[in-house]
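Step one of this worksheet: look at the structure below.
Residue numbers (this note's numbering): 18 to 118.
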């Protein structure tokens, strides 16, 4: 969970969200993560977070709003920290992605 402009948000993944991200990027999530030593591009971060962001009431925010919040999150916390947040959320919510790796 994190706070931006006084509001609490959480990044949450599930298989459906992973499929949506893969359809947008036309690449697998693991492929994206394995490139560049796990450092996603800013565009990728916006896609990965923008499509997996929930407000404090548990409602998914729109991808457009999620991408705008992602920009603010990067400005406040820094690129590396936000990249870590994505990796941690993926490991927490989708351990099936990392089985046998």
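Glycine is no exception: its CB is placed at the ideal position from the N, C-alpha and C atoms.
> If you draw a straight line from the alpha carbon of residue 103 to that of residue 51, how long is it in whole angstroms?
Replying inline: Counting from one through the chain shown, the residue named residue 103 turns up at place 86. Counting from one through the chain shown, the residue named residue 51 turns up at place 34. In a straight line, the C-alpha of residue 103 is about 13 Å away from that of residue 51.
> DSSP state of residue 73, grouped into three classes?
Replying inline: The residue you call residue 73 lines up with position 56 of the chain shown. The answer is coil: DSSP assigns residue 73 none of H, G, I, E or B.
> Using a Cβ-Cβ cut-off of 8 Å (strictly less than) and excluding sequence neighbours within five positions of residue 21, which residues of its own chain qualify?
Replying inline: Here residue 21 is taken as the residue at index 4 of the chain shown, counted from 1. So the qualifying residues of the chain are 86, 89, 90, 93.
>> Can you tell me which residues form a DSSP beta bridge with residue 96?
In response: In the chain shown, residue 96 corresponds to position 79, counting from 1. Looking at the DSSP assignment, residue 96 forms no beta bridge with any residue, so it has no partner.
>> DSSP has residue 19 in a bridge; who is on the other side?
In response: Locating residue 19 in the chain shown gives position 2, where the first residue counts as 1. Paired residue(s): 26.
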